[in-house]
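Read top to bottom, the protein sequences are chains A and B.
Add 13 to the 1-based position in the first sequence for our numbering, that's all there is to it.
Add 13 to the 1-based position in the second sequence for our numbering, that's all there is to it.
For glycine and all other residues, C-beta sits at the position ideal for the given N, C-alpha and C.
Let me begin by presenting the structure, written as structure tokens, before commenting on it.
Number of protein chains: 2
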Amino acid sequence: HQILPRWTQHSRPFRVINSDRSIKKGIMADDLEDLHHKVMDVFHIHCISALVLDEDGTGIDTQDFFQTLKDNTVLMVLGKGQKWAPQTKHLPGQKKVERKRM
Amino acid sequence: HQILPRWTQHSRPFRVINSDRSIKKGIMADDLEDLHHKVMDVFHIHCISALVLDEDGTGIDTQDFFQTLKDNTVLMVLGKGQKWAPQTKHLPGQKKVERKRM
Numbered sequence: 014h015q016i017l018p019r020w021t022q023h024s025r026p027f028r029v030i031n032s033d034r035s036i037k038k039g040i041m042a043d044d045l046e047d048l049h050h051k052v053m054d055v056f057h058i059h060c061i062s063a064l065v066l067d068e069d070g071t072g073i074d075t076q077d078f079f080q081t082l083k084d085n086t087v088l089m090v091l092g093k094g095q096k097w098a099p100q101t102k103h104l105p106g107q108k109k110v111e112r113k114r115m
Numbered sequence: 014h015q016i017l018p019r020w021t022q023h024s025r026p027f028r029v030i031n032s033d034r035s036i037k038k039g040i041m042a043d044d045l046e047d048l049h050h051k052v053m054d055v056f057h058i059h060c061i062s063a064l065v066l067d068e069d070g071t072g073i074d075t076q077d078f079f080q081t082l083k084d085n086t087v088l089m090v091l092g093k094g095q096k097w098a099p100q101t102k103h104l105p106g107q108k109k110v111e112r113k114r115m
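This is the structure:
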């Protein structure tokens with residue numbers, strides 16, 4: 014629906030994770046459609062139900078919004094029935110401070 | 014940081030959520046009217062009663078105020094009878110600190 018000059022169509026790097034954040038892959042993509050195809054290949058997913066920002070779960074459905082994403086943005090791929098959930102902020106090895114009993 | 018041709022006009026990215034914050038979508042819009050149309054399409058809403066800031070429930074009714082919003086501002090769409098409520102800050106798995114009885 015938009016006329017894009019040829020020069021904007023260069024490959025850009027993204028970082029894609031699965032829904033439980035156990036796998037993270039660097040993927041180059043020309044556009045949103047290209048990213049969908051590559052993500053399906055890399056993650057062996059037959060049907061992507063959504064690509065969302067890892068940061069806040071924003072759904073990336075359109076090429077024009079996709080274009081505004083910075084290089085190396087972390088995206089989460091969701092398959093059927095999978096949902097985004099915020100990343101827990103506790104770093105590995107970091108334990109919750111337990112309050113001393115009075 | 015990037016030379017953008019004129020055809021991108023004033024399209025800017027916004028992140029729009031529904032009233033229960035279960036869906037969040039990245040949407041590009043030229044102006045407030047355009048955003049209204051796109052939100053109705055994306056969320057399958059026939060009538061928008063308000064677009065408000067997710068942050069504090071401020072109603073965005075005018076184009077001039079809308080223009081002052083930063084890119085990727087999170088907006089909540091409200092349908093008939095829906096109301097804005099502040100986001101609870103507790104992350105999943107995070108429990109309220111229970112006060113010890115003295």
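Integer-rounded CB distance, given that A:Lys-38 should sit under 8 Å from A:Val-55: Numbered from 1 along the first sequence, position 42 holds the residue referred to as residue 55 of chain A. Numbered from 1 along the first sequence, position 25 holds the residue referred to as residue 38 of chain A. Their Cβ separation, rounded to whole angstroms, is 5 Å, which keeps A:Val-55 and A:Lys-38 in contact under 8 Å.
Any C-beta of chain B under 7 Å from that of A:Gly-94: The count along the first sequence starts at 1 and reaches residue 94 of chain A at position 81. Not one chain B Cβ lies under 7 Å of A:Gly-94.
Identity of the residues DSSP links to A:Val-29 by a beta bridge: Here the question's residue 29 of chain A lines up with position 16 in the first sequence. Partner(s): A:Lys-38, A:Leu-88.
Residues near B:His-49 by beta carbon distance below 8 Å, same chain, minus five either side: By one-based count along the second sequence, residue 49 of chain B stands at place 36. Once the five neighbours on either side are set aside, the close Cβ partners of B:His-49 are Ile-61, Leu-64.
Distance CB(B:Gln-100)-CB(B:Ser-32) smaller than 7 Å: As a first step, residue 100 of chain B is located in the second sequence; it is residue number 87 there, counting from the start. As a first step, residue 32 of chain B is located in the second sequence; it is residue number 19 there, counting from the start. Contact flag unset, no.
Test: B:Gly-70 CB closer than 7 Å to a CB of chain A: Against the second sequence, residue 70 of chain B aligns to sequence position 57. B:Gly-70 does not count as touching chain A.
Span of the alpha helix (DSSP H) around A:Leu-82: As a working mapping, residue 82 of chain A is identified with position 69 in the first sequence. A:Leu-82 -> no alpha helix (DSSP H), and no H or E assigned at all.
Cα-Cα separation, B:Thr-75 to B:Lys-102: By 1-based counting over the second sequence, the position of residue 75 of chain B is 62. By 1-based counting over the second sequence, the position of residue 102 of chain B is 89. So the alpha carbons of these two residues sit roughly 29 Å apart.
Closer than 7 Å to chain B by CB, A:Phe-78: Counting from one through the first sequence, the residue named residue 78 of chain A turns up at place 65. Yes, A:Phe-78 lies at the interface with chain B (some Cβ there is under 7 Å from its Cβ).
Outcome for B:Ala-98 when other beta-carbon atoms lying within 10 angstroms are tallied against a minimum of 16: The residue given as residue 98 of chain B occupies position 85 in the second sequence. B:Ala-98 comes out exposed.
Contact belief for A:Ile-40 with A:Val-87 at Cβ below 8 Å, rounded distance in angstroms: Indexing the first sequence from 1 puts residue 40 of chain A at position 27. Indexing the first sequence from 1 puts residue 87 of chain A at position 74. About 11 Å separates the two Cβ atoms, so there is no contact after all.
Counted within 10 angstroms of its Cβ, other Cβ atoms place A:Ile-73 as buried (16 or more) or exposed: Numbered from 1 along the first sequence, position 60 holds the residue referred to as residue 73 of chain A. By the 10 Å Cβ count, A:Ile-73 comes out buried.
Distance, B:Glu-68 Cα to B:Ile-58 Cα: Looking up residue 58 of chain B in the second sequence gives position 45. Looking up residue 68 of chain B in the second sequence gives position 55. So the two alpha carbons sit approximately 22 Å from each other.
Test: B:Lys-37 CB closer than 7 Å to a CB of chain A: As a working mapping, residue 37 of chain B is identified with position 24 in the second sequence. Answer yes: the Cβ-Cβ gap between B:Lys-37 and chain A drops below 7 Å somewhere.
Outcome for A:Pro-26 when other beta-carbon atoms lying within 10 angstroms are tallied against a minimum of 16: Here the question's residue 26 of chain A lines up with position 13 in the first sequence. Label assigned to A:Pro-26: exposed.
Which residues DSSP lists as bridging A:Leu-66, in chain order: As a first step, residue 66 of chain A must be located in the first sequence, where it is residue number 53. DSSP lists A:Leu-88 as partners of A:Leu-66.
Cutoff 7 Å: B:Pro-99 Cβ touching any chain A Cβ: Against the second sequence, residue 99 of chain B aligns to sequence position 86. Chain A, which has no Cβ nearer than 7 Å to the Cβ of B:Pro-99, makes this no.
A:Ala-42 versus A:Gly-92, A:Lys-93, A:Asp-84, residue with shortest Cα-Cα distance: As a working mapping, residue 42 of chain A is identified with position 29 in the first sequence. That would be A:Asp-84, whose Cα lies nearest to the Cα of A:Ala-42.
Beta carbon proximity, B:Met-89 to chain A, threshold 7 Å: Against the second sequence, residue 89 of chain B aligns to sequence position 76. No, B:Met-89 does not count as interfacial toward chain A.
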